[in-house]
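Mapping of the sequence shown onto our numbering: residues 0 to 348, in sequence order. Worksheet: one structure, shown below.
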Amino acid sequence: MTEDADYNSETKTFTIPELETYILDVLHRLGLSGLHAETVAATILAGERDGGGSHGLYRLKMVAQTIWQGSVDLQAIPVLKNLSQAVLRVEGKRCFAPLAFHSALPSLIERAKTCGVAVLAINDCVHFAALWPEVEAIAQQGLVGIACTASHAWVAPYGGMKPLFGTNPLAFGWPRPGKDPFVFDFATSAASRGDIELHRQAGQPLPDGWGIDSSGQPTNDPQAVLQGAMLPFGGHKGSAIALMVELLAGPLIGDMTSANSMAHDGPKGSAPTGGELILAIDPACFQPGRPAGAFSEAETLFAAIVGQGARLPSLRRYAARRRAKSQGIDVPVALLADIEIFLKKGRTC
Ligand code: NDP
């Protein structure tokens, strides 16, 4: 984002197909083609359609930067392997993660429905996106989905002072027959790095608990946190979950930790490279002949949440999606201009 871009002013309205065409055009200009471009475009489009802010069109700049730095193989063709009946690995060969996920999803679903549970390791991929599209796709097939990935080392462990963990998102999807799945998806850091950057650009102090300076002292200064370390959400509890994500998406599947990814990237500013772990569970395997029992118990819980005025994660996204389908997607003109300026600058570098 440029310093003075005002994303709250004038907007241009796109239909969903029009926006997909625009995103594909940008990706083609960057040299991405075929299924690789289509899967990346679908992920960015889904983010913008669902009101995803930083995980919508804004991500085109990170995708561009990653391509210009040579951190992704534009021609990569992922290779899927069965490690056992219920364990799959897709070697991304340095593709963007949505292509690897797309290549492996049918087998993951088939294996989970056959074995009751299946695990997919995605290796050697470039991660720039939100994880909810993946667990939502699994839940739409009637399966429970869990996904996590490490990123770049920006977050200090609870009680520590040096960046070690990534922002390490964790996503969960639960099928709701006849309804959109229940999905949550968030970073295990107190805030996203993008939010800290936005505070810096706006000259605003950060809320307490978002980060520490390079000497380990709590600070509300965004610049000091960007140079120091972000903090996990929820103190020691979030810190342990962030560590779990490191272990599951890194050492367990033979891929990079966030510290490795950061060292691998050096000063390039590319999206994180590494692994992702995805679990798919068939509710039918625990209650043969009665999987509906799990779903109706879940609906009782959901109703009790909504009934007291709280909201379920993902309902905001689905509402945005319905709006996008009926009224189109309003994109800030300043964001479109910002992307074009960024692309032009990159091409002349
Ligand atoms: P948020 O803190 O905004 O939390 C998002 C989740 O919480 C969503 O499921 C959201 O549902 C839900 N939620 C938000 N507010 C409420 C509320 N008031 N009541 C109930 N539920 C609520 O997300 P983050 O900033 O931590 O992460 C944003 C995205 O960044 C994620 O999609 C994550 O995957 C992605 N990410 C990707 C990384 C990568 O390396 N690939 C690294 C880090 C993050 P709803 O959508 O309906 O609002």
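Glycine included, C-beta positions come from ideal geometry on N, C-alpha and C.
Judged by DSSP secondary structure, residue 251 falls outside any beta strand (DSSP E); it is assigned neither H nor E. Nearest to residue 222 by alpha-carbon distance, out of 32, 155, 201, is 201. In the three-state scheme derived from DSSP, where H, G and I count as helix and E and B as strand, residue 175 is classed as coil.
Setting aside the 5 residues that flank it on each side, residue 215 is surrounded in the same chain by 160, each with a C-beta closer than 6 Å to its C-beta; the list follows chain order. Around the beta carbon of residue 140, 16 or more other beta carbons sit within 10 angstroms, so the residue counts as buried. When the Cα atoms are used, residue 77 and residue 276 turn out to be separated by approximately 16 Å. By the 16-neighbour rule on beta-carbons within 10 angstroms, residue 167 is buried.
Residue state for residue 219 is assigned as coil, using DSSP reduced to three classes. Contact between the segment 275-289 and the segment 120-127 is present: three or more C-beta pairs spanning the two stretches fall below 8 Å. Under the Cβ criterion (8 Å, minimum of three pairs), the segment 323-331 does not count as touching the segment 177-186.
In this structure residue 13 is buried. Its beta-carbon is surrounded by 16 or more other beta-carbon atoms within 10 angstroms. When secondary structure is reduced to three states using DSSP, residue 314 falls in the helix class.
It is roughly 19 Å from the alpha-carbon of residue 335 to the alpha-carbon of residue 67. Rounded to the nearest angstrom, the Cβ distance from residue 211 to residue 204 is 14 Å, too far for a contact under 8 Å. Contiguous alpha helix (DSSP H) elements confined to the segment 43-130 occur at 59-67, 96-114, taking only those with 4 or more residues.
Three or more beta-carbon pairs drawn from the segment 37-57 and the segment 83-102 are found closer than 8 Å, and the two stretches are therefore classed as touching. Taking residue 198 as the centre and dropping the five residues before and after it, the same chain places the C-beta of 205, 221 closer than 6 Å to its C-beta, in chain order. DSSP places residue 11 within a strand segment (E or B) once states are collapsed to three. Within the same chain, 118 come within 7 Å of residue 86 by CB-CB distance, once the 5 residues on both sides are set aside. When DSSP states are grouped into helix, strand and coil, residue 230 belongs to the coil group. 8 Å or more divides the Cβ of residue 333 from the Cβ of residue 53.
Collapsing the DSSP output to three states places residue 278 in a strand.
At least one heavy atom of ligand 1 is found less than 7 Å from the C-beta of residue 150. CA-to-CA, the gap between residue 103 and residue 110 works out to about 11 Å.
In the DSSP assignment, residue 294 falls within the alpha helix (DSSP H) that extends over 290-306. Taking C-beta atoms under 8 Å as the contact rule, residue 147 and residue 247 qualify, at a distance of about 6 Å. Non-local beta-carbon contacts of residue 317 in its own chain, meaning distances under 7 Å to residues more than five positions away in sequence, involve 179 in chain order. Excluding residues up to 5 positions away in sequence, 40, 43, 44 lie with their Cβ nearer than 6 Å to the Cβ of residue 22 in the same chain. For residue 325, the secondary structure class from DSSP, reduced to helix, strand or coil, is helix. Annotation for residue 29: 63, 66 place their beta carbon closer than 6 Å to its own, counting only its chain and skipping 5 residues before and after.
Beta-bridge partners assigned by DSSP to residue 332: none are found. DSSP, read as helix, strand or coil, puts residue 273 in strand. The beta carbon of residue 312 sits closer than 7 Å to at least one heavy atom of ligand 1.
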